[in-house]
Amino acid sequence: MRLRAALALTITLTTIGAGMTPAGPGLAATNDYDTGYSLGQRAYEYGRPLLDTERVFTTATSIDISDTSGNGPVNQFNSLPKLVVPSPTQRTVVTPNTDTLYSLAWLDLAEEPQIIHVPAVSDRFYGMQLLSPWTENFYNITSAHGPPTTGTYELTRGGDFAVVPPGFAGTLPARVTRIDSPYPRVWVVGRTLIRGESDTAAVNAIQRQYGIVPLSRYGQPYVPPPVDPNATATFAAIPGTRPGDDPLDYYTALNRELQLFAPPAADRPLLEQLETIGVGPGLDPGTDPNLSADTLRGMRDAVTHGPANIATALNQLYGVNAPAHNGYLVVPTGTYGTNYRLRAIIDVIGLGALVPNVAVYPIALTDATLTTLTGANRYVLHMPASKLPPVDAFWSLTMYDAQGYFVPNPLDRFVVNDRSDLYRNRDGSIDIYVQHARPERARQARNWLPAPTGNFRLVWRLYNPRTRAVPGILSGNGWKPPKIQRCATDRTAFAH
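Residue numbers (the working numbering): 31 to 526.
Printed below as a string of structure tokens:
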């Protein structure tokens, strides 16, 4: 299905839900419904990232001992000791990578600052990404480079970093770098490069050196927290979106989050509009006597149709953005300001995305002709030797299903990257073959990225992109990901 056709269908389905009202109600009722739906849709889009991080937090901290899937108590690292593999239970976060081992933590700064320790790591990429509840990447402790004048990045080969809550006026020990958090809760997403399964022990040794201690215990002996691989986290969901939920529960949950994590001042104009339908800190649309039944009906439908509306927004953005990037969506991630729609889209397709100076993520939902990617077809991506990704850390290309999760395949291969043993043509170029069936030719099979039978998406990761290359990658005037070209037969290849 071509993107334009898919977009038209999605818009049609969404419009049916948004614009049609049962026969009989008068103009006032129709206006009330439309107002409830329109503002409810904006509230859904605005609040989705905030409620999604709450979902991840609730799931991750639902156990009192660290497991091996990144879950465990607050204020400690809960590391994944091996690469993520397909599993029905590995669906907490979309588009996980297979280039790094994760070390995840949730910081609770309500009582005191927490100090993160990272060891000296000079032989590989690592990073500690600090995210606010609004999914804003406000700081990175990383080996990646970044503009030193912004205060956003800290080029480091090890050290101690005190993450302090708003208004903290205390003193910190010498040689501890201060990081001011905009909120008392912080999501820390640590990533450490792994060069294949044989490198696991070396990465685990680094992970064991990552530590978090409260300020009051800084300087005392650090003991890594215990791990129970049999611990089972309880998966949470966004209220109002589960079968049997009243969709109004979505707004109630959002209002509760808005009280916990005060919205940025720049959001005030939107919040003034949303207050008219009972959305804001301390409000409750379900008990607001000024809201009519038709207004509430429109708000309920806005939540029910929320995923479809975000899918429509994604398709629209893709249709505008992809032609300049060889058929890929390439947008700046990590900081969003008042671009609530982009933030909601990234929450759905890449929750926890880094800022461009650390990583850029070209995403493909279609081939070069803007036709939806499907395992029913065969594709080839041709990279000339002179146009390999401009990175100082690593690059990769990962396969996901249409929802952004890994799909089992006979090779247990979900990624090709700069560490893969890829066949190079005589001129140094690389051809990557993306299809469901194994290619017949040995050199093609060596460069094969298995696809599922249905629709899928591909995600490039460019870690530590060269500083001068970043603006051109984002604008489409510089390096572009290779076109995804459909092959007529299994033996189709470029002539070299």
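Backbone N, C-alpha and C fix where the C-beta goes; we use that ideal spot for every residue, glycine too.
Reference residue i, options the options, closest by Cα
i: proline 419; options: Gly502, Gly434, Arg327 and Asp442; result: Gly502
i: glycine 197; options: Pro203, Arg208 and Ala204; result: Arg208
i: isoleucine 95; options: Asp275, Gln106 and Asp442; result: Gln106
i: asparagine 485; options: Gly405, Gly312 and Phe424; result: Gly405
i: tryptophan 490; options: Asn507, Leu313, Thr497 and Lys513; result: Lys513
i: arginine 85; options: Ala389, Pro269, Ser228 and Gly157; result: Pro269
i: tyrosine 453; options: Ala415, Leu80 and Ala338; result: Ala415
i: glycine 66; options: Tyr409, Val233, Leu321 and Phe291; result: Leu321
i: leucine 137; options: Ala90, Gly157, Asn127 and Leu113; result: Ala90
i: isoleucine 379; options: Arg408, His355, Leu344 and Asn407; result: Leu344
i: isoleucine 393; options: Ala423, Leu139 and Leu427; result: Leu427
i: valine 333; options: Leu69, Leu403, Tyr409 and Arg298; result: Leu69
i: proline 277; options: Met413, Asp314, Ala140 and Trp164; result: Asp314
i: glycine 102; options: Thr402, Lys510, Pro254 and Val309; result: Pro254
i: tyrosine 280; options: Glu142, Thr497, Gln71 and Tyr435; result: Gln71
i: phenylalanine 265; options: Ala231, Thr83 and Ala59; result: Thr83
i: proline 495; options: Arg516, Asn507 and Trp425; result: Trp425
i: leucine 395; options: Val233, Gln433 and Lys417; result: Gln433
Residue i: first and last residue of the uninterrupted beta strand (DSSP E) it sits in
i: arginine 408; result: 408-413
i: asparagine 10; result: The structure shown does not extend to residue 10, since the chain is modelled only from 31 to 526, so the question has no answer here.
i: aspartate 153; result: Counting along the chain, aspartate 153 falls outside any beta strand (DSSP E), and DSSP gives it neither H nor E.
i: valine 219; result: 215-223
i: arginine 208; result: 206-210
i: alanine 338; result: Looking at the DSSP string, alanine 338 is not in any beta strand (DSSP E); the run it does join, the alpha helix (DSSP H), is 336-351.
i: serine 505; result: Per DSSP, serine 505 belongs to no beta strand (DSSP E); it is in the alpha helix (DSSP H), 500-505.
i: tyrosine 132; result: 130-138
i: asparagine 127; result: Note, asparagine 127: premise wrong, no beta strand (DSSP E); not H, not E.
i: threonine 230; result: Note, threonine 230: premise wrong, no beta strand (DSSP E); alpha helix (DSSP H) at 230-237.
i: glutamine 289; result: Unbroken run through glutamine 289 is the alpha helix (DSSP H), 278-290; no beta strand (DSSP E).
i: arginine 516; result: 514-517
i: arginine 491; result: 486-495
i: isoleucine 307; result: Run containing isoleucine 307: none; DSSP gives neither H nor E here.
i: alanine 192; result: 189-194
i: glutamine 2; result: The structure shown does not extend to residue 2, since the chain spans only 31 to 526, so no value can be given for it.
i: alanine 423; result: 421-431
Same chain only: Cβ atoms within 7 Å of residue i, ignoring 5 sequence neighbours per side
i: proline 469; result: Tyr463, Ala475, Trp478 and Asp520
i: leucine 202; result: Ala192 and Arg208
i: leucine 81; result: Ile268, Ala283, Leu284 and Glu287
i: tyrosine 574; result: Only positions 31 to 526 of the chain appear in the structure, and residue 574 is not among them; the question remains open.
Beta-carbon proximity list for residue i, same chain, < 8 Å, skipping 5 on both sides
i: arginine 187; result: Ala150, Val151, Ser152 and Ser173
i: isoleucine 145; result: Asp190, Phe191, Ala192, Val193, Val206, Ile242, Val243, Pro244, Leu245 and Tyr248
i: arginine 443; result: Trp478, Leu479 and Pro480
i: valine 123; result: Val86, Leu381 and Gly382
i: aspartate 431; result: Val437, Pro482, Gly484, Asn485, Phe486 and Arg487
i: leucine 300; result: Arg72, Tyr76, Thr368 and Tyr370
C-alpha gap between residue i and residue j, whole angstroms
i: valine 500; j: asparagine 387; result: 7 Å
i: serine 92; j: glycine 100; result: 12 Å
i: tryptophan 217; j: alanine 467; result: 40 Å
i: alanine 518; j: leucine 411; result: 14 Å
i: methionine 158; j: valine 114; result: 18 Å
i: threonine 222; j: arginine 154; result: 8 Å
i: arginine 471; j: proline 440; result: 17 Å
i: aspartate 229; j: serine 505; result: 36 Å
i: valine 360; j: proline 251; result: 45 Å
i: leucine 403; j: tyrosine 63; result: 37 Å
i: leucine 422; j: glycine 220; result: Here the sequence assigns aspartate to residue 422, which means leucine is not the residue at that position. Between aspartate 422 and glycine 220, the C-alpha separation is close to 19 Å.
i: glutamate 227; j: proline 511; result: 27 Å
i: valine 385; j: threonine 365; result: 7 Å
i: alanine 398; j: leucine 347; result: 16 Å
i: threonine 3; j: phenylalanine 291; result: Given a span of 31 to 526 for the chain in the structure shown, any question on residue 3 remains unanswerable.
i: glutamine 237; j: leucine 134; result: 10 Å
Beta-carbon contacts of residue i that lie in its chain and below 6 Å, excluding the five residues immediately before and after
i: leucine 110; result: Gly100, Leu131 and Tyr132
i: glutamine 239; result: Pro149
i: threonine 98; result: Pro111 and Pro259
Test: residue i CB closer than 8 Å to a CB of chain B
i: phenylalanine 198; result: Protein chain content of the structure displayed is limited to a single chain, and chain B is not contained in it.
The alpha helix (DSSP H) enclosing residue i, as first and last residue numbers
i: glycine 270; result: Looking at the DSSP string, glycine 270 is not in any alpha helix (DSSP H), and its letter there is neither H nor E.
i: leucine 372; result: 370-380
- Okay, do the stretch 449-464 and the stretch 325-338 touch, 3+ Cβ pairs below 8 Å being the bar? no
- Message: With a threshold of 8 Å, are at least 3 pairs of Cβ atoms found where one atom belongs to the stretch 206-223 and the other to the stretch 65-77?
- Response: no
- If we count Cβ pairs, one from each stretch, closer than 8 Å, do we get three or more for the stretch 158-174 versus the stretch 255-264? no
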